[in-house]
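A short worksheet on the structure shown next.
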Amino acid sequence: MKILTIKVYGFGKWQDQQFDLSKNLTILSGPNEAGKSTLRQFILSILFGFRTKRGTDRYLRYEPKNGSKYGGELLIEVAQKQYLLKRVKGKNGGKLTITNLETQEIMKNEMLDSWLGAVDETLFNEMFSFGESELAEVRQLSRDDFRKRVLKIGAVGSDQWINLQNKFEKDADKVYAPKGRVRPLNKLLKQHDELSQQVEQAASETELYQQQAREASKNTVELDTIQAAIADYQIKVDRLEHVVDGWKTYQKYQETQQQMRSDVQEISATELQAIEHDHQQVDELTQTIHEVQEKIANLKQAVASDARMAFYHDHAAQLSEISQQLASFQDVAKQEVALQEKKQEIKAEEAQIKRQLGTEDAVATPFTEQEFSQLKHILADKNDNEQNKQAVQDQIVALQNQLLKSSGQAEQKATFRLTTIFLIVGIICLIFPWLLPWAVGVKLIVSALGLVAVVGSYVVRPHTNKEPSLQEDLATNLAQLKSKLVTADKDSDRFDEQLTALGKTKALTGDPQTWLGMQNNLERYELLQKKQADVQEQQNVNKQRIEDFETRIQILSPWVKLNGGFTQQLANVIAYFQSIQQSEQAVQKDTQDLHYYQERLDKLKKEQKRVQTNLEKLLNDVHLKNWTAFQDAKELQIQQAQLRAVHDQLFQQLGKETLNAMQQYENQSEAQNELDTEMQQLKQLRQKQEKIVAQKTVLTTKMQQLADDQTYAHLQQQLANLEAEILAVTKDWLTDELTAQWIDETLLVASQGRLPKIMTNAQRYFSLLTSQRYNKIDFDAQTIVVTDQMHQTYEVGELSQGTAEQLYVAIRLAFVSVMADLIDLPIIIDDGFVNFDAERKKNVMILLMELSGHHQVIYFTAEKIEDTLNETTRLIDLSDGSIINGR
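Residues in the sequence shown are numbered from 392 upward in steps of one, following our numbering.
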């Protein structure tokens, strides 16, 4: 039986909790109060029933305090089949339900009894479980008691028997000891010797006394004979009582003996393991082959069903060329964005230059270096000429003012107004035209009219002879200045003509004075125009490449969205090739995997055929046709082994002597009738004994009367009283002493019955626990001797306490492993190695992992176990319910 899962509904501190025990070795770790003992009792309660509410049993019921449902489930595996044991609150240990998980059939509760055999909870604790309390008890034993304890390990119920034996020995020792002086029976025997001597001395005085003494001696002999007969009958009665009391056990012994078959084929453990190993390997290989075949089919389908990849491979040359040019077209896309941005920047700067130039039309080309130098000279000459004109005009106005002052105002009052008008009009006509942007011819005509008006003002005014020479000089100077002014006007017209001609070549209008400042803007504008032409040229080149690209990618239209602009199409094509690359990698991987799995499938099939052939050979060697026949044979062999175990256990429980006695009777009634007859005979002998004792008492009284004084009678009475007291005390002492010896012999026989099976495992376990320091164990009825690697021998009393504990653990585990071979139940250890040092604990863990290779081991401990365990071990932390390693 193997426990796979524990599910607790409500039990003590555990509510709605589940634990996985599917590994062969499960370590449940947690501090004090973590619930280790509670969980251990839960396992026992599901297997053997809840404890009663009477006495101290009620403390082991662990009924939940919070009202949770009482009970739980164990998922177990028996003979490779899984069953669910469910036990909840109910009568007679709780309501039990057994379900076959494969068929969902509810099984009879007797099925659990057949799995457990004759094992109850008490027997389970003695055979399949031990813990710290047991080792603590061992540590308190004397070395002789420890020897006795180890010698009796093999006996069922040895703890109670040893305690009972010790009690009887102590009680007997209190009554009598061979060398004792103060114990009651020792004192009485000494008193009897002294009093007998006194009686003999007083009785020897008369012949009659001697005769009566002979009769008394005869009575004593007869009494001894009767007492011996009583002892024989008492032995018979005791034997018959054992027969009657153990008859039910004897009937069960007979039933198991009848069920045992001698024709069962014996398959060795090595053959069992080899066949099961090969069958499991065949199953695993079959499952693996099925999984590999599924993977191969899936891979073939994946490789063959991708239409997109098929299209890609059909047009690989064209698509490869497109893929290789994607990087350059990404550069084109980036360049297009940059060119467009540059184009916008140029347009913005051109607009700014036009605003600075004050035009919205086409911008003139910049001046050449020669033209720019010519423009500078013309403007300089024109400015110099304008300054000279202004100076001449200022001189003309001054001279005209002098002429007016020099004229005789008194004489010319009548004509003054007329001459003044002519003079003012003439001056205006001479000066004003040159201040306006009129044509040169117009300016000359107006200037000529002005000159006529000025001359007319002199002609019209009356001439006087006063200061004639001064006026003439002023007129002469004025005429010269006017001549200079005409020359300056001509030069100004010439400069304007030159500027106009130069402006026409550049399509410039406006004030020529501003043309010099426009040169930088004109040059920058011309440079921008060139840059824009370069940008446009590159855009034209890119446009041609883009059109060519868009034409070539039309082949991808079934697989790629080609709507949107060039950038979007390019992104879609790039995404397509990226997905193709990923798919290509996946296809390559699938192809590699397909090749790998096909090779692996071939190897698996060859291995399956090899293992199947070997399995068939192994089955043929044990004369079995197939796996089903093997399972039936194995189950029958297990059943017979369990029957033999129960049979041997019952044999040891009854004892060979009692069993032989029982075989003489047909039924219990026959034995009871014989017991009644023997008891009646015993009763009659005791009555006869009492009669002889009475006769002896009479003779003793007569002998006392023959004595010369009352001394003899008094002594005789004292002696009789003393003998009666000695008889009673001796009977109690013999009862205790013989019972202790009987228990000791019985336990020794029980132990030595299993000793050969235990010895092999015990020696190996002890060697492992002591790091190979000790390698041999020998023991007989008296002592235990161990031998170290130096071939030095030690009696158990000479071992240190720690080594003695290791010896006890080794023999205890060896006994558990032997019993588990007969009745396969989990081994439960409850914090059994608290006082072991680090090395001993490491060795114990190695031993437990070895044991778990054949039997399930459940180990409860309060210590932290490091995660250095193998894959067959599960470590559960009960403080939080986490699984530390789930291998």
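Where a beta carbon is used, it is the ideal one built from N, C-alpha and C, also for glycine.
Helix, strand or coil, according to DSSP, for residue i in the structure here?
{"i": "Ser1208", "result": "helix"}
{"i": "Gly440", "result": "coil"}
{"i": "Gln350", "result": "Here the chain comprises residues numbered 392 to 1278, so residue 350 is not present and cannot be evaluated."}
{"i": "Lys477", "result": "strand"}
{"i": "Asp772", "result": "helix"}
{"i": "Asp562", "result": "helix"}
{"i": "Val469", "result": "strand"}
{"i": "Gln927", "result": "helix"}
{"i": "Lys1255", "result": "coil"}
{"i": "Ser719", "result": "helix"}
{"i": "Lys414", "result": "coil"}
{"i": "Tyr453", "result": "coil"}
{"i": "Thr759", "result": "coil"}
{"i": "Val788", "result": "helix"}
{"i": "His1246", "result": "coil"}
{"i": "Trp1018", "result": "helix"}
{"i": "Ser874", "result": "helix"}
{"i": "Pro903", "result": "helix"}
{"i": "Trp506", "result": "helix"}
Can the beta-carbon of residue i be found less than 8 Å from the beta-carbon of residue j?
{"i": "Val683", "j": "Leu395", "result": "no"}
{"i": "Val1002", "j": "Asp669", "result": "yes"}
{"i": "Gln709", "j": "Ile946", "result": "yes"}
{"i": "Leu465", "j": "Ile489", "result": "no"}
{"i": "Ile497", "j": "Val1013", "result": "no"}
{"i": "Ile1256", "j": "Leu1242", "result": "no"}
{"i": "Gln726", "j": "Asn933", "result": "yes"}
{"i": "Gln1034", "j": "Thr647", "result": "For the record, residue 1034 in the displayed sequence is Leu; it is not Gln. In contact: Leu1034 and Thr647 (Cβ atoms closer than 8 Å)."}
{"i": "Ile1202", "j": "Glu1186", "result": "no"}
{"i": "Leu717", "j": "Val978", "result": "no"}
{"i": "Gln1107", "j": "Val590", "result": "yes"}
{"i": "Leu919", "j": "Glu740", "result": "yes"}
{"i": "Lys627", "j": "Thr1263", "result": "no"}
Whole angstroms is fine: what's the gap from residue i's alpha carbon to residue j's?
{"i": "Ser1270", "j": "Pro422", "result": "7 Å"}
{"i": "Lys393", "j": "Asn1234", "result": "24 Å"}
{"i": "Phe1042", "j": "Tyr644", "result": "7 Å"}
{"i": "Lys609", "j": "Lys1093", "result": "16 Å"}
{"i": "Asn776", "j": "Pro903", "result": "15 Å"}
{"i": "Asp1067", "j": "Ser1191", "result": "54 Å"}
{"i": "Leu375", "j": "Gln1180", "result": "Lying outside 392 to 1278, the shown extent of the chain, residue 375 is not represented and no answer is given."}
{"i": "Lys480", "j": "Gln409", "result": "19 Å"}
{"i": "Val547", "j": "Trp506", "result": "Confidence is the limiting factor: at Val547 the pLDDT is only 48, short of 50, which leaves the residue's position unreliable, though a coordinate-based value still follows. Cα-Cα distance, rounded: 19 Å."}
{"i": "Lys1000", "j": "Phe1206", "result": "41 Å"}
{"i": "Met518", "j": "Ala1153", "result": "15 Å"}
{"i": "Val1200", "j": "Met1150", "result": "13 Å"}
{"i": "Lys734", "j": "Ala742", "result": "12 Å"}
{"i": "Asn779", "j": "Glu732", "result": "54 Å"}
For residue i, which residues from the same chain have a beta carbon less than 7 Å from its beta carbon, with the 5 sequence-adjacent residues on both sides left out?
{"i": "Ala805", "result": "Any answer about Ala805 is weak, because its pLDDT of 46 lies below 50 and its placement is not dependable; what the coordinates show is given next. The answer is none, since no qualifying residue turns up."}
{"i": "Gly426", "result": "Gly403, Lys404, Trp405 and Leu1269"}
{"i": "Lys1082", "result": "none"}
{"i": "Glu454", "result": "Tyr461"}
{"i": "Lys691", "result": "Leu985"}
{"i": "Leu1090", "result": "Gln603, Glu606, Ala607 and Asn610"}
{"i": "Ala1024", "result": "Gln656, Ile658 and Leu1015"}
{"i": "Glu468", "result": "Lys393 and Leu395"}
Could you check whether the Cβ of residue i sits closer than 8 Å to any Cβ belonging to chain B?
{"i": "Thr1068", "result": "In the displayed structure, chain B is absent; only one protein chain is listed."}
Just to confirm my understanding: we take residue i, look at its own chain, exclude 5 residues before and 5 after, and list those with CB closer than 6 Å. What are they?
{"i": "Thr958", "result": "Ala724"}
{"i": "Thr1178", "result": "Lys1167 and Thr1184"}
Across which residues does DSSP place residue i in a beta bridge pair?
{"i": "Ser420", "result": "Thr1252 and Asp1268"}
{"i": "Met498", "result": "Ile489"}
{"i": "Glu464", "result": "Lys398 and Lys477"}
{"i": "Asp1179", "result": "Tyr1165"}
{"i": "Phe519", "result": "Paired residue(s): none; Phe519 is not in a bridge."}
{"i": "Asp1221", "result": "Gly522 and Phe1251"}
{"i": "Gln406", "result": "Gly401"}
{"i": "Lys393", "result": "Glu468"}
{"i": "Glu1186", "result": "Val1176"}
For residue i, which residues from the same chain have a beta carbon less than 8 Å from its beta carbon, with the 5 sequence-adjacent residues on both sides left out?
{"i": "Ala801", "result": "Interpretation of Ala801 is limited by its pLDDT of 37, a score under 50 that renders its predicted location unreliable; the figure taken from the coordinates is listed afterwards. No residues qualify anywhere along the chain."}
{"i": "Arg449", "result": "Arg442 and Thr443"}
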